[in-house]
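K.L.:
To start, I am sharing the structure in question, which I have written as structure tokens.
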Amino acid sequence: MGAELQRSLTLDRPLRGEREISALFGDVRQPVLALDHTFNTVALPSVFDAGERALLLSALKPNERLRAKLNGFMGERVPRPCLAAHVRRTDHWRLSELMGDIRFWPTIEGFVRQIGEQVRRRRLASWLLATDCREPSELKALHAIEQRVEYSEMLTGEDGVATAVLDMWACIGADFFVGTRGSMYTDYIERFRVAQGKVVDHLFFELEPEDVTAAEAKEAAKALEAKAVEPKAVEPKAVEPKALEANAPAMEAR
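Note that full-length UniProt numbering has the sequence shown beginning at 1, numbered continuously upward.
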């Protein structure tokens, strides 16, 4: 392994073991060990991640042809400062359903409003759209947001994989970024942006307040509907004492 891939971490003292903790802290050893574990899993990976991101950035990047195409487009056609927006649609509703979290599926109106708000609030000169959206009405709404830079020409002749790579690196190269919660594509864009020293404020599209109210109302309606169709338990019919007396002679005759 080359020197550029080698990393080391020096600690003031070795990580503490259970025997040492028991000797020092007695009955409270488990809480202390839990704190040690929390530190190791939260603090130390942040030290390692910096090097890993640098390696990731140097290893996973477009080939020379795609880089030339991307650099030419971003340098000549995109007014700065700019925003990149990753709008995940198609089957992302399924993740929202499986996770039981409505935040994974904002309405298209919410996407449109929040992109426009970011462009205005940050006083941006342009914005870029990376999306898998296929619904014509939703695409029309997104494309209508002012100051969007069209880059379909850059994607002409490229297959689906190359298109995804160009979309991703356009988002990485933008000045600001907003992504879709729960999307691995958004997550990787943020990782590369961190490695490049870009602004990373972990900004995700959020549900509109009225969307939350509508979703809660829908869930309440579904719960009521499910309750209405539940089969009712059949209770045994009580037999009145008089009916028993009336049947007594017939039973004796038998």
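Heads up, the beta-carbon is just placed ideally off N, CA and C, and yes, glycines get one too.
Kindly indicate which three-state DSSP category His92 falls into: helix, strand or coil?
P.N.:
Three-state result, His92: helix.
K.L.:
Thinking C-alpha only, which one of Arg67, Ile115, Thr90 is nearest Leu207?
P.N.:
Answer by Cα proximity: Ile115.
K.L.:
Which residues bound the beta strand (DSSP E) around Ser126?
P.N.:
First-last of the beta strand (DSSP E) with Ser126: 126–131.
K.L.:
On the CB-based measure, 16 or more other CB atoms within 10 Å of its CB, does Arg193 come out buried or exposed?
P.N.:
Under this definition Arg193 is a buried residue.
K.L.:
Between Arg148, Val165, Ser152, which lies nearest to Ala85 when the distance is taken from Cα to Cα?
P.N.:
The shortest C-alpha separation from Ala85 is found at Arg148.
K.L.:
Just reading off the beta strand (DSSP E) that Ala85 is part of, what are its end residues?
P.N.:
Start and end: 82–87.
K.L.:
Grouping DSSP H, G and I as helix and E and B as strand, with all else coil, what is Arg103?
P.N.:
In the structure shown, Arg103 sits in a helix (DSSP, three-state: H, G or I).
K.L.:
Pro79 to Gly100, Cα distance in whole Å?
P.N.:
Rounded to whole angstroms, Pro79 to Gly100 spans 40 Å at the Cα level.
K.L.:
Going straight from the alpha carbon of Asp159 to that of Leu124, what length do you get?
P.N.:
Looking at the two C-alpha atoms, the distance is approximately 31 Å.
K.L.:
Taking the DSSP output, what are the residues bridged to Val178?
P.N.:
According to DSSP, Val178 bridges with Ala85.
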